[in-house]
Amino acid sequence: MANEIGMHEFDKNRVDLNDKVILITGGTGSFGKQFSRTIISNWNPRKLIIYSRDELKQFEMANELRATLTAAEFSKFRFFIGDVRDSKRLTMAMMGVDYVVHAAALKHVPIAEYNPMECVKTNMFGAENVISAAISQNVEKVIALSTDKACNPINLYGASKLASDKTFVAANNLVGAGKTRFAVVRYGNVTGSRGSVIPFFREIAKRGKALPITDTRMTRFWITLQQGVNFVLSNFELMHGGEIFVPKIPSTKITDLAKVIAPELPISEVGIRPGEKIHEMMIAEDDAHATVDLGDRYAIEPVFAEFPRPSFKDTHNARSVPEMFSYSSGTNDWWLSEDEMSWMLSQAGV
């Protein structure tokens, strides 16, 4: 089971991050923390720059790292207070940087609906600022984190991330003679993240109350935090520029997840929230013509590539997906059993 679910293992010998300077926007979030620890455990980077706007979270993260890392390992970290809305600060932070992971975003669906322009400023204008700063500082590679909600979006968060995805894909056409390349990683719910439904269910279960399910038909894709980190790292080696990488990951019904978390408690169906889908999708039928199968992942290749870029069909023997193919959590052919769900939860520490 562990080998099957523990997909997206990365070969650290194929991704050379030794003596590299790596910057993570939104670096104090769940992904940034796990990414940083993975980097420091497997390579000897010159610097790891944590770029975020909350000084308290930076202070707390620094204390956690100082308590668990050696002095030499902790000396690699730099903490930059800054917002992705601030183009000048981003440009300064990216001086001498080799690789960037763009994880900063406003992600809460109802809050984005109530504060639309704040979501746009961070998720769309922030993406543009990351791109401009990376090109101006001749950063080698940039990977932006996306979401399944960006595929056929019905809420503002998903729409803003779709716009961000397309901006990063098109950014490769702006580089000219520079070396910077941009790619996107899109995946589903992360079991170890702060925004997951799992901690919410756990808290409700502690009080012995019925678990609120918006719709009993609902399904979601699932990936552990470490698998997400591994997937991003593996794409640094794989990317040519302009791709949207999508991992092949399992689905589960939310009702089955609730049973694993609190089998003794009843379920209460409360109705779908505004901007919520029954099933999530990561590749739409309209993108099938540009999508290739790479074995453990799909890649949506850029349709307009005004820069030198080989196809994965030529470099990795990738296969085209069937006509009108789509990748949905509701029609996925990989479903987690209760034992597998328990394993994923244990791996995520939740």
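Take 141 as the starting number for the sequence shown in our numbering and just add one per residue.
Built from N, CA and C at the ideal position, the CB exists for glycine as well.
Note that the structure is predicted; figures quoted are calculated from it, not measured.
Nearest to residue i (by Cα), restricted to the options the options
{"i": "L157", "options": "I363, K197, S374, R413", "result": "S374"}
{"i": "V309", "options": "R449, E478, K160, I164", "result": "R449"}
{"i": "K216", "options": "Q198, N329, F199, I180", "result": "I180"}
{"i": "I190", "options": "L302, G166, S170", "result": "G166"}
{"i": "N184", "options": "K197, E200, L365, A212", "result": "A212"}
{"i": "R357", "options": "E409, N313, I389, T331", "result": "E409"}
{"i": "A345", "options": "G415, N370, P403, E377", "result": "P403"}
{"i": "S304", "options": "F341, R186, K289", "result": "K289"}
{"i": "F220", "options": "L188, L205, E441, T208", "result": "L188"}
Inter-residue Cα distance where the pair is residue i and residue j
{"i": "S482", "j": "M232", "result": "44 Å"}
{"i": "P250", "j": "E343", "result": "20 Å"}
{"i": "K261", "j": "R225", "result": "7 Å"}
{"i": "V110", "j": "D355", "result": "With the chain running from 141 to 490 in the structure shown, residue 110 is simply not present."}
{"i": "F175", "j": "L163", "result": "11 Å"}
{"i": "G348", "j": "A398", "result": "13 Å"}
{"i": "D479", "j": "D396", "result": "11 Å"}
{"i": "W426", "j": "C291", "result": "The sequence given here has Asp at residue 426, not Trp. Their backbone Cα atoms lie some 10 Å apart in a straight line."}
{"i": "G169", "j": "K197", "result": "9 Å"}
{"i": "G222", "j": "M257", "result": "19 Å"}
{"i": "Y239", "j": "A274", "result": "9 Å"}
{"i": "S451", "j": "I363", "result": "27 Å"}
{"i": "S477", "j": "F361", "result": "13 Å"}
{"i": "V386", "j": "S460", "result": "14 Å"}
Start-to-end residues for the alpha helix (DSSP H) that takes in residue i
{"i": "Y297", "result": "296-311"}
{"i": "T455", "result": "452-455"}
{"i": "Y254", "result": "249-254"}
{"i": "K281", "result": "Counting along the chain, K281 falls outside any alpha helix (DSSP H), though it belongs to the beta strand (DSSP E) covering 281-285."}
{"i": "F341", "result": "337-346"}
First through last residue of the beta strand (DSSP E) which encompasses residue i
{"i": "S391", "result": "391-393"}
{"i": "P352", "result": "351-353"}
{"i": "T359", "result": "359-363"}
Beta-bridge pairing of residue i - partner residues as DSSP gives them
{"i": "V161", "result": "K187"}
{"i": "P293", "result": "DSSP output for P293 lists no bridge partner at all."}
{"i": "P403", "result": "Note: P403 sits in no beta bridge, so no partner."}
### Message
Taking 8 Å as the cut-off, does the stretch 452-469 touch the stretch 410-422 (at least 3 CB pairs, one atom from each stretch)?
### Response
With the cut-off at 8 Å, the stretch 410-422 and the stretch 452-469 touch.
### Task
Decide yes or no for the touch test of the stretch 270-289 against the stretch 241-253: beta carbon pairs closer than 8 Å, at least 3 of them.
Put simply, the stretch 270-289 touches the stretch 241-253. At least three CB pairs are less than 8 Å apart.
### Task
Specify whether the stretch 368-382 and the stretch 318-328 touch according to this definition: at least 3 beta carbon pairs, one from each stretch, less than 8 Å apart.
The stretch 368-382, when compared against the stretch 318-328, does touch it at the 8 Å Cβ threshold.
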